[in-house]
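What follows is a single structure, written as C-alpha cells, with notes after it.
2 protein chains.
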Amino acid sequence: MSNINDVARLAQVSKATVSRVLSGSRGVKEESRQAVLRAAEILNYKPNAIAQSLSSQSTNCIGVICATEHIQQSTGYLQALEKQLNQHQKHLLLRFANDHDSVAQAAQELSNGLCDALVVVGARFPLPELDDEIMLIDCLSGSHNLSIQCDHIFAAETAVHYLCNQKRRQIALINFASGEAAALTLEGYHQALHNHVVPFNRQLVIDDESSVRIALQRLINRGVKFSALLVTDDTQAQEAVMMLNQYQLKVPEQVMVFSLDGSTRMPGSNAIPAIKYPLESIARRAVELLLGERHTSDLVRGSLLIA
Amino acid sequence: MSNINDVARLAQVSKATVSRVLSGSRGVKEESRQAVLRAAEILNYKPNAIAQSLSSQSTNCIGVICATEHIQQSTGYLQALEKQLNQHQKHLLLRFANDHDSVAQAAQELSNGLCDALVVVGARFPLPELDDEIMLIDCLSGSHNLSIQCDHIFAAETAVHYLCNQKRRQIALINFASGEAAALTLEGYHQALHNHVVPFNRQLVIDDESSVRIALQRLINRGVKFSALLVTDDTQAQEAVMMLNQYQLKVPEQVMVFSLDGSTRMPGSNAIPAIKYPLESIARRAVELLLGERHTSDLVRGSLLIA
DNA sequence: CTGTTAGCGCATTCAC
DNA sequence: GTGAATGCGCTAACAG
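Quick look at the structure:
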C-alpha cells in the first residue's frame, strides 16, 4: 500500500499539499492539485484511516452492542443503523451480548479509543452501570442515559383498545420480566382497560418470566380464560401461537395473539396484529443523537399493524 | 483518557517500561512492574488501540460484508463469526450489501487500512471482481478465492434421497438464480434422481428466478404435478409453504417442502425438513483461515434435519 | 500558495 | 533492566 510520501514524491509536492488536496482542499494551486490527484490515481492511494484517526483523535467507528435474545428484532435495528451510519461515513463495530456481564465486558473492550461512541441495542435484561455517554436503544430501562425508547404505554394502550374493539375483553399479558419497560407496559395496559371499563385481573398478567413458553404454561395452568394474549415481540408471538395450537386453542378464533413489537416481520407472522416501530426513523434519530445534531432523548411511538 | 506518558510519570519509569509491562512484559524488574500496574490501575489506563494499530501496522478488525437478502441466515453467520473473532481478540466491522455494486463499494471503503481482512457472507448474487485476499463464505461462486462453501451437491443429493424414501418422486426444484451454487445443486439433484431411477423432468426446475413467489407461480402455471419442493433456504421455504396453502395445496400431505439451508431455524419452520450447516464450525474455520492458522479453502457438508 | 515541523500514542530499536 | 530516540501515516500550525 502506498502512502502519502509516495504520492508527494510522485506529484513533486510536499506531504502537506497532498493532505490539503485530499482533505480540506482549499487554497491549492490548480496545477499542484491536478498533479496530486493524478499521482494518487496512479498509485491507487487511499489515506490510511488509522493514521487519520490517530491524528484527528477520532476513529469514525461506532460500537454497537447488540442483544441476541430476540435476534430478529435486533437485526432490523442493525441494518437500519448501519445504513444511517454509512450515510454519515461512519463504521459499525459489532458486538453481540446476551446478558449483563457480556455487555459490561463488551463496553470495556470497546472503550480503548477504537470507537467514538457506543450504543446498546435491544437488551431485554438489566444492564450494568454504563458511562453516561453510552446510548441505549430499545432497552428495558435507560431514563438516565442518552436513549431512544419505545413508548410502551402507548403501545399497550393501543393494543388493548384494538382488542376491546374486537370484542376481546379478557386480555392476558406476558410482560417484560423487568425494567421500566415492564412497568410502563403494565401502566398502559391498566389504563386502557380502565377506559374500557374492564376490570383488571391480576391472574391474567405474567411479568416475572423470561421464557414465553413457561409464561404461557403458567397462564394456562391458572385456569383463567382469555380471548387475547399480549406478548412483547414477534418471536414470542410465534412461539405463543404454536403453543396455543398445541393446547387446541384456535388462533385467532379463540385467542387473538397481539405482538407489542412487530417491527421486523418474519414470513408467517403477517397474520398477527402488532405495533410496528419505524426502524429507519429510530436509527436516524439515534445517529443524529450520536453525532450531536440533536440533543433530546426520544420516545418513539409505534403504529398499529394488522393483516 | 490517560495515556502512556501519564502512567510512566506516575510510576516513575519511562514510557518504554510501561509498554514492556503491558505488552511483552519480560525483562522488567518486579518492582517497576508493580509500580506500572498500580499506576495503570489508578489512572484506569487502557493502551490506545488506534496508536497500537498504527505502530503495529495491524488493526485487529475484520470487515464483514453481509448480504441482506436472506437476512435470517446471514444473522446466524454474523453471530457465529463475531463469537469466533471475539475469542481471537478481533473486532467485527459490519457492512450490509444487497447487490453487486454495494459489495464493490463496501470493499473499496473498507480497504483503507481499517481492516486486516475482508469477508463476504451469504451473497446470492454475482459478486464483483474482488481482491484475492477477500474471503467468501456461503456465496454463489468463489472457487478462485479463499472461501468456505456449502457442499451443494451433497445437500441436493441428501434432499432427493430423503424425499424419494418418503415416496415423493416428483420433486420440484427452485434453484439459485445463478452461480456455481446453482450448477452444483442441479448436479446433485440430477445425480440423486438418477440413482433412484427417476426420470429428470426439466419442467420441474426453475433456475433463473430470484423471487420464490414468482418461481412457484411459474411452476404451478406449468401444470406439472409435484409432490415435493426443494428450495434454497428457510425463508424461501416459509414463503413457499404460505403460497402453497393459498393454492389449497396441503403441506406436507400433498407437497413436502424441503429447505436446502435451514441452518438458522426460525420459529415455525421446525416442521420443514432441511439441511443444516454447522455455523459455529464454519465460523471457526473461517477465522482460522483469516488468521492463517489454516490454508485450505473448505467445502462444508450439512446434515439432515427433520422435525 | 506551499514546505517544514511538530505532534497524535504507542512499540521498538539501540545504547547505557 | 531501563531510558532516549525513532517511526507508523497523517493533519495542523507556522513560516515563508
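Just so you know, the protein sequences line up as chains P and H, in that order. So for the first sequence, UniProt numbering puts the first residue at 1; every next one is plus one. So for the second sequence, UniProt numbering puts the first residue at 1; every next one is plus one. Think of the CB as a built atom: it goes at the ideal place given N, C-alpha and C, for glycine as much as any other residue. Treat the numbers as computed from the prediction; the structure is a model and nothing was measured.
- Chain order gives the chain P residues near H/M266 as M266, where near means a beta carbon separation below 7 Å.
- Across the structure, P/C66 and P/Q166 are spaced so that their CA atoms are roughly 36 Å apart.
- Its chain contains I4, V7, A8, A11, V36 as the residues whose beta carbon lies nearer than 7 Å to that of P/V18, once the 5 sequence neighbours on both sides are disregarded; these appear in chain order.
- DSSP, read as helix, strand or coil, puts H/I272 in coil.
- Residue environment: H/G223 is assigned as exposed (fewer than 16 neighbouring CB atoms within 10 Å of its CB, all protein chains considered).
- Rounded to the nearest whole angstrom, the C-alpha separation of P/P278 and P/E82 is 15 Å.
- The alpha-carbon of H/N201 is positioned some 13 Å away from that of H/D207.
- For the beta strand (DSSP E) assignment, the uninterrupted runs of no fewer than 3 residues enclosed by the stretch 233-297 of chain H are, from N- to C-terminal side, 256-259, 274-276.
- Taking 7 Å as the cut-off between beta carbons, the residues of the stretch 254-281 of chain H near chain P are M266, P267, G268, in sequence order.
- Counting only the Cα atoms, H/V121 lies some 24 Å from H/R213.
- Burial check for H/Y247: the Cβ neighbour count within 10 Å stays below 16, so the residue is exposed.
- By the 16-neighbour rule on beta-carbons within 10 angstroms, H/Q203 is exposed.
- The beta carbon of H/R265 lies closer than 7 Å to those of D234 in the same chain, with the five residues before and after it left out.
- Cβ proximity to chain H below 7 Å picks out N48, A49, I50, A51, S53, L54, T59, T68, I71 from the stretch 48-71 of chain P.
- Contact between P/D131 and P/S58 does not hold, since their C-beta atoms are separated by about 17 Å, which reaches or exceeds 8 Å.
- Under the Cβ distance rule, H/T232 does not count among the residues neighbouring chain P, no pair being separated by less than 8 Å.
- The beta carbons of H/S227 and H/Q170 sit closer together than 8 Å.
- Of all residues in the stretch 75-100 of chain P, only T75, L78, Q79, E82, K83, N86, H91, L92, L93, L94, R95, F96 come within less than 8 Å of chain H when Cβ atoms are compared, listed by chain position.
- Bounds of the beta strand (DSSP E) holding H/H91 are 91-97.
- The C-beta separation of H/L249 from H/A240 comes to about 10 Å, leaving the pair out of contact by the 8 Å criterion.
- Assignment of beta-bridge partners to H/A40 by DSSP yields no partner.
- With a 10 Å radius around the Cβ and a threshold of 16 neighbouring Cβ atoms, P/S147 comes out buried.
- Setting aside the 5 residues that flank it on each side, H/F96 is surrounded in the same chain by C66, T68, each with a C-beta closer than 6 Å to its C-beta; the list follows chain order.
- By the criterion of a C-beta distance shorter than 8 Å, H/G27 is surrounded in its chain by R20, once the five residues flanking it on both sides are discounted.
- P/K46 has a beta carbon lying within less than 8 Å of a beta carbon in chain H.
- Under a 10 Å Cβ-count criterion, H/H194 is classified as exposed, with fewer than 16 other Cβ atoms of the shown protein chains found around its own Cβ.
- Against P/E239, the close residues of chain H are P267, in the order they occur along the chain (beta-carbon pairs closer than 7 Å).
- Counting only residues of its own chain and dropping the five nearest sequence neighbours on each side, H/L43 has a CB closer than 8 Å to the CB of S2, D6, V7, L10.
- If you check the CB distance, H/G268 and P/G268 come in under 8 Å.
- One finds nothing in chain P with a Cβ atom closer than 9 Å to the Cβ of H/S25; even the nearest lies about 18 Å away.
- In this structure, the straight-line span from the alpha carbon of H/S111 to that of P/V255 is close to 54 Å.
- For the stretch 113-138 of chain H, the set of positions with a beta-carbon nearer than 7 Å to some beta-carbon of chain P reads G113, L114 in chain order.
- By a beta-carbon distance limit of 8 Å, P/A159 contacts P/L260. Their separation comes to about 6 Å.
- The three-state reading of DSSP puts H/V121 in strand, counting E and B together.
- H/L229 sits in a strand when the DSSP states are folded into three classes.
- For the set P/Q34, P/Q87, P/S14, the Cα lying nearest the Cα of P/V287 is the one of P/Q87.
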